[in-house]
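**Student:**
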Amino acid sequence: MKPKLLLNVLFFLITISSTRAQDKLKIKFGSVTADDFKTTVYPIDSNAAAIILADIGSTEIVGNTKGSFSLLFKNYRRAHILNKNGYDIGNVEIRLYTNGESEEELDNLKAVTYNLENGKVVQTKLEIKSSVFKDKVNKNLVVKKFTFPNIKEGSIIEYEYKIKSDFIFNLQPWDFQGEYPCLWSEYNFAMPSFYNYVTLSQGYHPYTIKTSTTSRGNFNMADNRGVGATERANFSANVVDYRWAMKDVPALKEESYTSTLRNHISRIEFQLASIGEPFTVRQVMATWKMATKDLLEDEDFGEQLSKDNGWLSEVMPLALRGAATTTAKAKNIYEWVRDNFTCTNYGRKYLEQPLKNVLKNKNGNVAEINLLLTAMLRKANIQADPVILSTRSHGYTHSAYPLMDRYNYVICRTETEGKEFFLDASEPGMGFGRLGFKCYNGYARIISPGAEEIDLNASTLKEVKNTTVFIINDEKGNSIGSIQQTPGYFESVRLRSLAKEKGKEQVFNDFKKMMGEDIKISNTRMDSLLNYDVPLGIAFDIDFIGDKEDIIYFNPMLGEGFKENPFKSAERFYPVEMPYTIDETYNLQMEVPKGYVVDELPKGAVVKFNEEEDATFEYRVSVSGSNLSFRSRLVIKKAYFLPEEYEVLREFFALIVKKQGEQIVFKKKATP
Amino acid sequence: MIKQVLTILLTVIFCLPLMAGDGEYAVGKIPVALLKNANVVKRFEETRYEISSYTKMKVYKKDVITILNENGDEFAGLFEFYDKFRSIKSIEGKIYDATGKEVKSLKPRDVEDRSAVSEISLMEDSRVKIHHFYHRIYPYTVEYEVVIEFSTTFMFPSWFPQPAEKYAVEKSNITVSVPDGFSFRYKAFNYTGEPSIVPAKDGKSYNWQVNNLPAILKEYAAPEWPNLTTCIYFSPDKFEFGGYKGAMDSWNALGQFQLLLNQGRDKLPDAIKQKVHQLTDGITEPREKIRILYEYLQKNTRYVSIQLGIGGLQPFDAAYVTAKAYGDCKALSNYMFALLKEANIKSCYTQIKSGEGKYFFLSDFPSDQFNHIILCVPLPKDTVWLECTSQTLPTGYLSGFTSNRPALVVDENGGHLIHTPRYGIKENFQHRNIKATLNEEGTLLVNAQTSYGGLQQDDIHGLINNLSKDKVKEYLHEQLDFATYDISKFNYVENKTAVPTIEETLDIAVTNYATITGKRLFIVPNIMTRNGRKLTADDERKYDMVFTTDYRDVDSVEIIIPAGYNPESMPQDVAISNKFGKYNCSVKLSGNKLLYYRSIERYTGRFPAKEYNDLVKFYEAIYKADRSKVVLVKQETTKGF
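Those protein sequence lines, which keep their order, are chains A and B.
Numbered continuously in my numbering, the first sequence closes out at residue 670.
Numbered continuously in my numbering, the second sequence closes out at residue 978.
1. Spell out whether any CB of chain B is found under 8 Å from the CB atom of A/Gly61.
2. Beta-carbon within less than 7 Å of B/Val970's beta-carbon, same chain only, minus the 5 sequence neighbours each way: which residues are those?
3. Between B/Ala912, B/Arg639, B/Asp701, B/Asp705, which lies nearest to B/Met673 when the distance is taken from Cα to Cα?
4. In or out: A/Gln690 buried (at least 16 other Cβ within 10 Å) or exposed?
5. Kindly indicate if chain A contains any beta-carbon less than 8 Å away from that of B/Leu459.
6. Start and end of the alpha helix (DSSP H) containing A/Met288?
7. Give the secondary structure of A/Arg230 by DSSP, where H, G and I count as helix, E and B as strand, and everything else as coil.
8. Mind listing which residues of the stretch 183 to 202 of chain A have their C-beta closer than 8 Å to chain B's C-betas, in chain order?
9. Using the rule of at least 16 other Cβ atoms within 10 Å of the residue's Cβ for burial, across every protein chain shown, is A/Ile126 buried or exposed?
10. Any idea what DSSP makes of B/Phe707, helix, strand or coil?
11. Counting only beta-carbon atoms, is B/His614 nearer than 8 Å to chain A?
12. Can you tell me which of the three DSSP states B/Phe470 falls into?
13. Return the first residue and the last residue of the alpha helix (DSSP H) that B/Tyr956 is part of.
14. Below 7 Å on C-beta distance, what does B/Gly409 contact in chain A?
15. Taking A/Phe419 as the reference, which of A/Pro485, A/Gly431, A/Pro426, A/Ile409 has the closest Cα?
16. Pick from A/Thr31, A/Arg631, A/Met576, A/Tyr594: whose alpha carbon is nearest that of A/Tyr584?
17. Run through the DSSP bridge pairs and tell me what A/Ala271 is partnered with.
18. Which residues in chain A have a C-beta closer than 9 Å to the C-beta of B/Ser463? List them in chain order.
19. Quick one: give me the first and last residue of the alpha helix (DSSP H) that B/Ala668 is part of.
20. Taking 8 Å as the threshold, find out whether the stretch 187 to 206 of chain A comes into contact with the stretch 141 to 155 of chain A through three or more Cβ pairs.
21. Tell me the start and end of each unbroken alpha helix (DSSP H) in the stretch 787 to 873 of chain B that is at least 4 residues and wholly inside, in chain order.
22. Using 8 Å as the limit for Cβ to Cβ distance, is B/Gly855 near chain A?
23. What number of angstroms, rounded off, separates the C-alpha of A/Glu103 from the C-alpha of B/Phe707?
24. Which residues mark the beginning and the end of the beta strand (DSSP E) in which B/His768 is found?
25. Would you be able to state if there are at least three C-beta pairs under 8 Å between the stretch 608 to 624 of chain B and the stretch 776 to 792 of chain B?
26. Under three-state DSSP, which class holds A/Asn338?
27. Would you please state the rounded distance, in angstroms, between the beta carbons of B/Thr512 and B/Ser463? I believe it to be under 8 Å.
28. Quick check: is the beta carbon of A/Glu350 nearer than 8 Å to any beta carbon in chain B?
29. What does a CB cutoff of less than 6 Å around B/Lys966 pick up in its chain, not counting 5 residues either side in sequence?
30. I want to see whether chain A comes within less than 8 Å of B/Ile474, judged by CB atoms only; does it?
31. So which residues of chain B does A/Asp133 contact, with C-beta pairs closer than 7 Å?
32. Identify the contact partners of A/Tyr85 in chain B, using a Cβ-Cβ distance below 8 Å as the criterion.
33. Could you tell me the distance, in whole angstroms, from the CA atom of B/Thr787 to the CA atom of B/His768?
34. Looking at chain B, is there any beta carbon in it that lies within less than 8 Å of the beta carbon of A/Ser272?
35. Could you say if the stretch 704 to 720 of chain B and the stretch 685 to 692 of chain B meet the contact criterion of at least three C-beta pairs nearer than 8 Å?
36. Would the stretch 438 to 453 of chain B and the stretch 500 to 508 of chain B be scored as touching if the rule is three or more Cβ pairs under 8 Å?
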């Protein structure tokens, strides 16, 4: 369950109310007075190194000379630098997108630093010509950069600029929240009736203003690209002026176990939904069925999948390797793609080269690799469809609307012999039917005529770990034993990659380090090192080589378990998002060391996180004759915890750390 | 019979093309000895520096690298940097499979062109061309050929045929051809013999080559890389750079070149001159003047790095810094130089190779080895060093970033090397006093007073000066080595003396610090200073061990425990003293007070490889002692007869 505030999709034309005069912010470029410097600590955050006094943006749609419309974005910002640690706010980067044909343009940049010197406000202007740098980051991105001159502790800085963009589909989101606290953040959007955008608003901070007013606007556009005379068009249309503002927005906070801050930041996003009169009326963003149909016909996505793809014929036998059943065929194709292709970009949902080239080059982005996999499965007459999703670090998606910007990843769904499998051939260590936990981020969509949604929920992903230990006394009276462990699947992936990089011995060396110098390990075995479909199997023998003191303090966990509370911070603002649920069992059967008796046992405990038993911890130890049994089990059934649950979660883990750190005490039998 | 013939025929047909196709770079042709410990084998490398004048050097590079497994992938790509003084003329590339058969070649449109402005800079003119074949079938071989043209001879790249560990080299050579009259020097490491020198067109050509360098495995605390592998540093005697002529055949000459670049850049606007006099006139003690002006610099400027063209070596002038109130190390040092000059104090612009632990420096080989600028202020009795990019360091303290290394000090006569101050065992201390109380549930309330000195306070200095109080708290909440804890109070006081110290107070409640069972109490008396390093013994250690920082930590701990416990198991006292250092710890129970004492000293030096296992034992003993537990048992109430 996600908190309700998280994703609130609103269609336009819902609320129309009038603007209240007192909500207007009385800030104008250049209107800095000596009084403005008086505040040195702001109540919103007494620790802040800098405060954004105002951040105001607006977008309107204006006609251009290319026969269409452009976005005109304006931004104004004023900030107060309170101490040295806030100097970074004076370094500004403005990102401009380019696609080779069209480039976003920066205009009317103005920036001024204000300092209070001997009671007077002194201005230092940014020299635009010599001090604004243009960094061509790559072929799609130009960054204009500058830093404010004459910044000192206490400076107020102010800047404004305009960006003209032809990328009408790419109306940028507005972040009300950022690295510094902000007293006033406002965004205005004048939406003409012929371009209908949908907005998505998210975050926990309330709007101070959320209004819209309708008026009539005039639009002029021209086309001077042709050889003849410039064509012009003038018309008027209704314009809705939307205004959103927030007051006293706190700075964003980084926390561990958050899949991405993007899910929590207060922000508003836009997506072009439809185009209306005087243009040909058409739906741009429609239903999922329409969107998937478009994707399937798109040459940069699914077009190739419905073709015969004769170019695959040559490699099919190499991939199939004589498999007989459908599942075996699917598995062989999957492994062949996984093992022979390199993923060059894990954040893409479109092809950047034809599938044929992907096959030839043996590399591609995640969409290319998994679409090739889909094409090959289909070539082998196996039912397969692409699935689009958003990875955890990319943020949540919403099931109701096909907002493509929210998706950044493609996997493949296949069905063989009545069983469904999700495949990702871009991940070198993943087994058949396994996805990395980064994919478990809620709604995903199958790109097929049916356009079914699927829920890849982290709470359905189980990391199951089992450890079994037997310890007996050998004929010489020494304690010896054996350990068998099946780590969780994701831990297995990690250990396999460690073994690949540093050798198998490294995995056992880590066990050795964990268990301490009183235990010697031998006869090490590792199963399923190359069978990625299942977790690893680890086994080894142990010898207790420590001195036989009169009293032996023995921790039955043998170095396993939690030594630190994963939830260190005492406070929590955002929900805890764990990558998976947990089921860890540790069992130990032991013969009491020869010549010793049990002097003291830790107390058993069964702890429930809540009444629903979303998490339980069990710690049991008992002795019967010379046999000691011990068991520790941790089950966490959900992966998502609300901030309100945090304190209990932290205490729950504190208790696990405590119990798993406890000792059994053996005492030498008194010699008769 | 027919079948047999067929098999033979088939074999022949299958084998022949395979053998014929076995290219020059077939993996089978790698000498077996080079495969040991290797992820990568450089098959062939040819580098040519063709110098035709002081402003023209053509660099030709060809390398052929076999990637044996995925750990070698990071070396498979091409990253070629360029800027105002070097342009890339051509890039070619090919990839071969294990048999040496060409799989494909690089297409120019696959070469990506990116900005290479570093994280710390606002702007630089550095860019990079990137290419990668992204091959997944191992082993494979990539070949790149690049031609670069330099418009200067100042940047004279060194030759490192073996750039990393687990990287073997089959054949590599470098040729440097120079016209008559162009002289340069070289300094070789681990190269036997001399270069072959042959006459070339209007000049001479020098050639060095190496064959069959086996892969190196890095070892803990090993000497710096150039000591372990074959490499050659080059330095021109004379050069031209951005329209300036200079020489580096001596440190003095290199200093003179900097003087030339700095000439006339120290003119302060009148307002600032007045400010200097207003601040310092009437003060007689030069040290005090330096402190006042340095603090003025710290308060009124900040670090902003802009590196464009010759601006990589030449500072923005003092008027620029006055107007913008920012600059990089060069601009701010030059500005400080100007401020001091106005106050009649002579200082020297100083080039240095900065970085924690970056002590590798060729003192006997004048060449451009620097990446940072500081200021040296010679006084009659001693010298004050100023790091002008910091807004927080005390006057005269250099920190681990620039201390203890040679620096090129530039005065009116040119340059000479001076060693920057070294902070030793007396300065680099950590003294910790803990008073703690353990309650019946096992929660430990800790009051820790710690005093950090010298290099041991560098990190904390950074922490408390760069983060807000909230962030410091967050940091402390994440970083302390306890399972579950809360910090109720923290405080820092800096003593900004020439070798600074920081006093830290922490009040911490550690949940379940001790385990209290019905009968027993388990507690680790070393609460906050535990060494975490454990090494694996190695009988075949190859390289010496080098330690560059010495320090001393002392902990005194007093823990009040619930009443009524007697010792059951007390850790033995430990006292170890050897050439690496000295370690002592002891614990005793006195009434209901547990008293623990620990001290450790570490020494600097170079220690022979054969003593490595002694070091392993030393660390192991410390690791164990630092974690040993006290076990106490509850006194049985004596029952009467």
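Just so you know, even glycine gets a beta-carbon here, dropped at the ideal spot from N, CA and C.
Just so it is clear, the structure is predicted and the values come from calculations on it, not from any experiment.
**Tutor:** The answer reads as follows:
1. Position 63 of the first sequence holds residue 61 of chain A. No, no contact with chain B.
2. Counting from one through the second sequence, the residue named residue 970 of chain B turns up at place 633. The answer, listed in chain order, is Lys856, Arg857, Tyr902, Asn903, Glu905.
3. Walking along the second sequence from the start, residue 673 of chain B turns up at place 336. Of the candidates B/Ala912, B/Arg639, B/Asp701, B/Asp705, the one whose C-alpha sits nearest the C-alpha of B/Met673 is B/Arg639.
4. This structure gives no information on residue 690 of chain A, because the portion of chain A shown stretches from -1 to 670.
5. Against the second sequence, residue 459 of chain B aligns to sequence position 122. So yes, B/Leu459 belongs to the interface.
6. Residue numbering aside, residue 288 of chain A sits at position 290 when the first sequence is read from its first letter. Element bounds for A/Met288: 286 to 295.
7. On the first sequence, position 232 is the one that residue 230 of chain A refers to. A/Arg230 falls in the strand class under three-state DSSP.
8. none
9. By 1-based counting over the first sequence, the position of residue 126 of chain A is 128. Exposed, since its Cβ has fewer than 16 Cβ neighbours within 10 Å.
10. For the purposes of this step, residue 707 of chain B is identified with residue 370 of the second sequence, where counting begins at 1. Coil at B/Phe707, not helix or strand.
11. For the purposes of this step, residue 614 of chain B is taken as the residue at position 277 of the second sequence. Not closer than 8 Å to any Cβ of chain A, the Cβ of B/His614 fails to qualify, so no.
12. Position 133 of the second sequence, counting from 1, holds the residue named residue 470 of chain B. B/Phe470 falls in the coil class under three-state DSSP.
13. As a first step, residue 956 of chain B is located in the second sequence; it is residue number 619 there, counting from the start. First-last of the alpha helix (DSSP H) with B/Tyr956: 949 to 964.
14. For the purposes of this step, residue 409 of chain B is taken as residue 72 along the second sequence, with counting starting at 1. In chain order: nothing, as chain A lies at least about 11 Å away.
15. As a working mapping, residue 419 of chain A is identified with position 421 in the first sequence. It is A/Gly431 whose Cα lies nearest to the Cα of A/Phe419.
16. The residue labelled residue 584 of chain A in the question sits at position 586 within the first sequence. By alpha-carbon distance to A/Tyr584, the top candidate from A/Thr31, A/Arg631, A/Met576, A/Tyr594 is A/Arg631.
17. Translated into the one-based positions of the first sequence, residue 271 of chain A becomes position 273. Looking at the DSSP assignment, A/Ala271 forms no beta bridge with any residue, so it has no partner.
18. What you label residue 463 of chain B is simply residue 126 of the second sequence in a count that begins at 1. Within chain A, no residue comes near B/Ser463; the closest Cβ sits about 10 Å away, beyond 9 Å.
19. For this step, residue 668 of chain B is matched to residue 331 along the second sequence. 666 to 679 is the span of the alpha helix (DSSP H), which, as asked, contains B/Ala668.
20. Judged by Cβ distances under 8 Å, the stretch 187 to 206 of chain A makes no contact with the stretch 141 to 155 of chain A, as fewer than three pairs qualify.
21. 795 to 803, 806 to 816
22. Here residue 855 of chain B is taken as the residue at index 518 of the second sequence, counted from 1. For B/Gly855, the answer is yes, since a Cβ of chain A falls inside 8 Å of its Cβ.
23. For the purposes of this step, residue 103 of chain A is taken as the residue at position 105 of the first sequence. For the purposes of this step, residue 707 of chain B is taken as the residue at position 370 of the second sequence. For A/Glu103 and B/Phe707, the distance between alpha carbons rounds to 40 Å.
24. On the second sequence, residue 768 of chain B is found 431 positions in, with the first residue counted as 1. Annotation: the continuous beta strand (DSSP E) that includes B/His768 extends over 766 to 775.
25. no
26. In the first sequence, residue 338 of chain A corresponds to position 340, counting from 1. If DSSP states are grouped into helix, strand and coil, A/Asn338 belongs with the helices.
27. In the second sequence, residue 512 of chain B corresponds to position 175, counting from 1. In the second sequence, residue 463 of chain B corresponds to position 126, counting from 1. That belief does not hold up - the Cβ atoms of B/Thr512 and B/Ser463 are roughly 27 Å apart, past 8 Å.
28. For the purposes of this step, residue 350 of chain A is identified with residue 352 of the first sequence, where counting begins at 1. Not an interface residue.
29. Here the question's residue 966 of chain B lines up with position 629 in the second sequence. Within the same chain, B/Lys966 has close Cβ partners Phe859, Val861.
30. Taking the first residue of the second sequence as 1, we reach residue 474 of chain B at position 137. Yes, B/Ile474 lies at the interface with chain A (some Cβ there is under 8 Å from its Cβ).
31. On the first sequence, residue 133 of chain A is found 135 positions in, with the first residue counted as 1. What A/Asp133 touches in chain B: Ser452, Val454, Met460.
32. Within the first sequence, the letter at position 87 stands for residue 85 of chain A. Neighbours of A/Tyr85 on chain B, chain order: Arg639.
33. Numbered from its first residue, the second sequence carries residue 787 of chain B at position 450. Numbered from its first residue, the second sequence carries residue 768 of chain B at position 431. Using only the alpha carbons, I get a separation of about 5 Å.
34. Taking the first sequence and counting its residues from 1, one reaches residue 272 of chain A at position 274. Under the Cβ distance rule, A/Ser272 does not count among the residues neighbouring chain B, no pair being separated by less than 8 Å.
35. With the cut-off at 8 Å, the stretch 704 to 720 of chain B and the stretch 685 to 692 of chain B touch.
36. no
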